[in-house]
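Heads up: the sequence lines are chains A and B, in that order.
Going by my numbering, the first residue of the first sequence is number 1, and it counts up by one from there.
Going by my numbering, the first residue of the second sequence is number 1001, and it counts up by one from there.
The beta-carbon is built from N, C-alpha and C at its ideal position, and this holds for glycine as well.
These numbers come from a predicted model, not from an experiment.
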Amino acid sequence: NVEPRSVAVFPWHSLVPFLAPSQPD
Amino acid sequence: PPSSSHLPSHFMKGAIIQLATGELKRVEDLQTQDFVRSAEVSGGLKIDSSTVVDIQESQWPGFVMLHFVVGEQQSKVSIDVPPEHPFFVYGQGWSSCSPARTAQLFSLPCHRLQVGDVCISISLQNMN
């Protein structure tokens, strides 16, 4: 028997950097 | 200064990642297409190609400074990260400045991140 345990689930976008270029004119 | 090097558990081998499609995958099993499709269906986010143009010592001890050119506009962006921080490189997968440290801390197999590598990053979609 495998006891159920809570597993964290992370959103995909937490894995990649948010690289926002500075606003172009 | 950049935030101190805590251990983001989402990079730990075996961590469960939810794609924007609802599909669940382990972090080590992710592929380029998973990020591309997730951005397509998520709305408001877009995937940018961020090319590593330089890797330097950071002014902050224990960090490295990565210089990217980002997206179609080739904007220059620099970030300080711990050397074990993994980035997802197109066609290659997880890569970091110190694959040995990434393996030690996260058990996540990594390539060495090098100048010229094209990483996946996200930005806000331009809503016209």
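Whose C-alpha, out of the options, is nearest the C-alpha of residue i?
i	options	result
TRP1078/B	ALA1100/B, SER1121/B, LEU1030/B, VAL1041/B	Residue identity differs from the one stated: residue 1078/B is Ser in this sequence, not Trp. Per the Cα distances, SER1121/B.
HIS1010/B	VAL1115/B, LEU1108/B, SER1038/B, THR1032/B	LEU1108/B
ASN1126/B	THR1102/B, ASP1048/B, ASP1054/B, PRO1082/B	ASP1048/B
SER1058/B	GLN1104/B, ARG1037/B, PRO1083/B	PRO1083/B
State buried or exposed for residue i, treating a residue as buried only when at least 16 other CB atoms are found within 10 Å of its CB.
i	result
PRO11/A	exposed
GLY1071/B	buried
SER1146/B	Because residue 1146/B is not part of the residues shown, which for chain B are 1001 to 1128, the question remains open.
ALA1100/B	exposed
Alpha carbon to alpha carbon, how far is residue j from residue i? Give it in angstroms, no decimals.
i	j	result
SER1050/B	VAL7/A	32 angstroms
GLU1028/B	MET1065/B	25 angstroms
ASP1117/B	TRP1060/B	23 angstroms
THR1021/B	VAL1081/B	29 angstroms
If you follow the alpha helix (DSSP H) that residue i is in, where does it begin and where does it stop?
i	result
SER1042/B	1032–1042
LEU1105/B	1099–1106
Kindly give me the distance between the Cβ atoms of residue i and residue j, rounded to whole angstroms, as I take these residues to be in contact under 8 angstroms.
i	j	result
VAL1052/B	LEU1113/B	6 angstroms
SER1038/B	ALA20/A	Not really, about 18 angstroms apart at Cβ, beyond 8 angstroms.
If I follow the unbroken beta strand (DSSP E) through residue i, where does it start and stop?
i	result
LEU1024/B	1024–1026
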